[in-house]
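Notes to accompany the following structure.
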Amino acid sequence: MTQRLSRRTLLLSGSAALAMAACSSAGADKARPDDAADAYAGNEWRALTEDQWRERLEPAAFNVLRKADTERAFTSPLNAEKRDGTYHCAGCDLPLFSSETKFDSGTGWPSFYDVLPGVIATSLDRKLIYTRTEYHCARCLGHQGHVFEDGPAPTGQRWCNNGVALTFKPA
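So the mapping is simple: our numbering equals the position in the sequence shown, first residue as 1, plus 596.
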């Protein structure tokens with residue numbers, strides 16, 4: 597026996613499925629207790645209050661680093677940065693990326709195919725319908741961006757970073 601689905605039934609079913617997915621996975625998990633985050637446990641950066649962070653950071657950087665916001669694409673001058681050097685966390689100045697791993701992803705955000713060793717903590721971000729891997733500075737746990745599996749060789753990864761979460765130090 598074959599049953600035809602009406603457009604209304606199909607739309608209601610799809611809407612219900614999306615609502616259930618959003619409700620069951622809302623929010624982001626805390627940074628996983630991985631080796632990188634553990635190495636910095638108990639440091640002074642993690643003891644700063646929200647008000648202290650707000651005093652230290654520009655509003656856009658505060659919203660990204662402390663509230664996991666996302667800056668608008670193509671607004672960061674670091675997206676076009678081409679000099680040799682190192683990209684640091686704008687919150688605590690920990691070096692995160694070498695300019696040698698930066699590439700133009702076409703996404704509008706500074707992108708890298710690899711990170712410096714031991715400086716990144718990760719968490720699962722379920723704010724959208726699908727789960728993404730969010731990454732943070734391991735020292736201050738400031739939100740940096742998301743990592744995707746569509747980058748260039750040799751890693752195949754794209755560490756897509758908010759420019760306001762970084763500072764650049766030329767070599």
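Built from N, CA and C at the ideal position, the CB exists for glycine as well.
Just so you know, these numbers come straight off a predicted model, no measurement behind them.
- Reducing DSSP to helix, strand and coil, say where N757 ends up. Here residue 757 refers to the residue found at position 161 when the sequence shown is read from its first residue. The answer is strand: DSSP assigns N757 an E or B state.
- Quick one: residues in its chain with C-beta nearer than 7 angstroms to the C-beta of S694, no 5 flanking neighbours on either side, listed in chain order? Within the sequence shown, residue 694 is the residue found at index 98, counting from 1. T682, L712.
- Determine the DSSP secondary structure at S620, reduced to helix, strand or coil. By 1-based counting over the sequence shown, the position of residue 620 is 24. Caution is warranted here: a pLDDT of 31 is assigned to S620, below 50, making its placement in the model unreliable, and no coordinate value can be reported.
- Task: Using only alpha-carbon positions, find the residue among D746, E677, C688 that is nearest to G759.
- Result: The residue you call residue 759 lines up with position 163 of the sequence shown. Looking at the Cα atoms, E677 is the closest of the given residues.
- Item | Separation of R679 from L653, as counted between CA atoms | Numbered from 1 along the sequence shown, position 57 holds the residue referred to as residue 653. Numbered from 1 along the sequence shown, position 83 holds the residue referred to as residue 679. Straight-line Cα distance between these residues: approximately 25 angstroms.
- Task: Have a look at R728 and G687 and give me their C-alpha separation to the nearest angstrom.
- Result: Your numbering for residue 728 matches position 132 in the sequence shown. Your numbering for residue 687 matches position 91 in the sequence shown. Distance between the alpha carbons of R728 and G687 is about 23 angstroms.
- Message: Measuring alpha carbon to alpha carbon, tell me which residue in D634, Q740, L692, D710 is nearest D746.
- Response: Taking the first residue of the sequence shown as 1, we reach residue 746 at position 150. The shortest C-alpha separation from D746 is found at D710.
- Message: Using a 10 Å radius around the Cβ and a threshold of 16 neighbouring Cβ atoms, would you call A761 buried or exposed?
- Response: In the sequence shown, residue 761 corresponds to position 165, counting from 1. Buried.
- Item | Burial state of P706, where buried means 16 or more other Cβ atoms lie within 10 Å | The residue given as residue 706 occupies position 110 in the sequence shown. By the 10 Å Cβ count, P706 comes out buried.
- Message: Within a Cβ cutoff of 7 angstroms, which residues of the same chain sit near A656, ignoring the five residues on either side of it in sequence?
- Response: For the purposes of this step, residue 656 is identified with residue 60 of the sequence shown, where counting begins at 1. Around A656: E667, V760.
- Item | Option nearest P748 by Cα separation, candidates T697, A637, P766, C733 | Working through the sequence shown from its first residue, we reach residue 748 at position 152. If we check each option's Cα against that of P748, T697 comes out closest.
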